[in-house]
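Here the structure is laid out as structure tokens; the discussion comes afterwards.
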Amino acid sequence: MTRPTLTLIAALGASSLACGFLDEEIATITYEEGIPFDFEVNADALCPTDVDCDAEPQPAPEAVELDPIEFDIAVDIVEASGNDELQGIGQRLRSVEITSIDYEITDNSLNFEMPSIDIYVGPLDATSPEDDGTILLTTIPSTTAGEDASGRAPAVEENLEASSELFKSLQFAAIPSSQPRIEEGQPFPPRGTANVKLTINIKLVANPLDAI
């Protein structure tokens, strides 16, 4: 959470208020926040139902597709940012800009390469990438088996405007989506877990005059 930046010239503001007038530009408030959410990739949940998932892992005789990764995560921007001041800016919010997206893969004990994971965002009731209003935000790159990783994931350029409009509601659904696969010769059945954390860094611009 960061402190808001309030652009206000005191002398001009005082004289303007006395005349019943306040310039819109000098009353702008800017917040810069990180919006984190996380999820777990668990091999037990990915193991196909027709396989003895408790068997001792052996080299796979051929490539095997695991069950897909796909679920929805409800994200509340006020709660995730920890900044209660955002609670009342809904009607005054002019823009939301995504400045960067960071990812972290930690405690990775998976015995297979974790594939790239697409991160979709949509309305709070969205549960699938195919739902109305859902768009691709970014993609977390693949991660080597058993290794942790971190970095910056680029936002999908053509979806920036739509995602910014979505975030103005201060609530959204995040939907990780991926198709994991065990390649020939890799250990099978799959084992292990990995924690994935994504932080969407945003700049929110609000103006108190918009609520007047």
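Note that the working numbering has the sequence shown beginning at 94, numbered continuously upward. C-beta: ideal position from N, C-alpha, C; glycine also.
In the structure shown, A148 adopts coil according to DSSP, grouped into three states. For S243, the enclosing beta strand (DSSP E) starts and ends at A242 to R245. A distance below 8 Å separates the beta carbons of P280 and F205. Each residue's CA atom was taken as its position, placing P129 and L230 some 14 Å apart.
Per the C-alpha coordinates, the member of S262, G127 and Q264 positioned closest to I194 is G127. Selection I293, A299, T292 and P273 evaluated against N135 yields P273 as nearest (Cα-Cα). The C-alpha of E277 lies about 11 Å from the C-alpha of E158. Annotation: the continuous alpha helix (DSSP H) that includes I170 extends over I170 to S174. Using a Cβ distance threshold of 8 Å, I275 and A138 do not count as a contacting pair. Closest in C-alpha terms to T286, from the list A173, G239 and Q151, comes G239.
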